[in-house]
Amino acid sequence: MCSTIPRSLVELQEYARFHYEGLQNAALLLAGPFALKRVQSLLDDILSSRTITRRLQVGIVDIHKLLSLYHAHDPDRIEAAYFAEIDFCDPFIEDICLLTEALTDILYRLELDPGQPLADYLMVA
5 MCSTIPRSLV
15 ELQEYARFHY
25 EGLQNAALLL
35 AGPFALKRVQ
45 SLLDDILSSR
55 TITRRLQVGI
65 VDIHKLLSLY
75 HAHDPDRIEA
85 AYFAEIDFCD
95 PFIEDICLLT
105 EALTDILYRL
115 ELDPGQPLAD
125 YLMVA
């Protein structure tokens, strides 16, 4: 029995493969070493997955929130401290914006049923 990987997952895997280092750098800059480890683990999960599981969706939501500065203004989150230290003249800031836009485009093309973590997130985003 031969199963094929859904085209939308293949596109997400290509994004993860192509931006592997940039996503890690963004995680470290935006939320520190703990976020870096989570992103590394998520990227490995994306690259080895054959389906978009609920667990994978939750991780993708987390990385999208990180890149889009979702928690940057919450003083109870580590992202706020890292955000306060960012030099907006740093050329990597533009790279983070481009990573976020590309990921957002891919997420809207994923084939997900309503009620899935990622589908619900995209409905309110």
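For the sequence shown, our numbering begins at 5 and goes up steadily by one.
For every residue, glycine included, the Cβ atom is placed at its ideal position computed from N, Cα and C.
Treat the numbers as computed from the prediction; the structure is a model and nothing was measured.
- Going by beta carbons, residue 43 and residue 61 fall outside the 9 Å limit.
- Close CB contacts of residue 22 within its chain, under the 6 Å cut and outside five residues either way in sequence, are absent.
- For residue 68, the secondary structure class from DSSP, reduced to helix, strand or coil, is helix.
- The region 78-93 makes no contact with the region 51-66: fewer than 3 CB pairs, one atom from each, lie closer than 8 Å.
- In this model, residue 69 and residue 102 are separated by some 14 Å (Cα to Cα).
- When the beta-carbon positions are compared, residue 97 and residue 16 stay at least 9 Å from each other.
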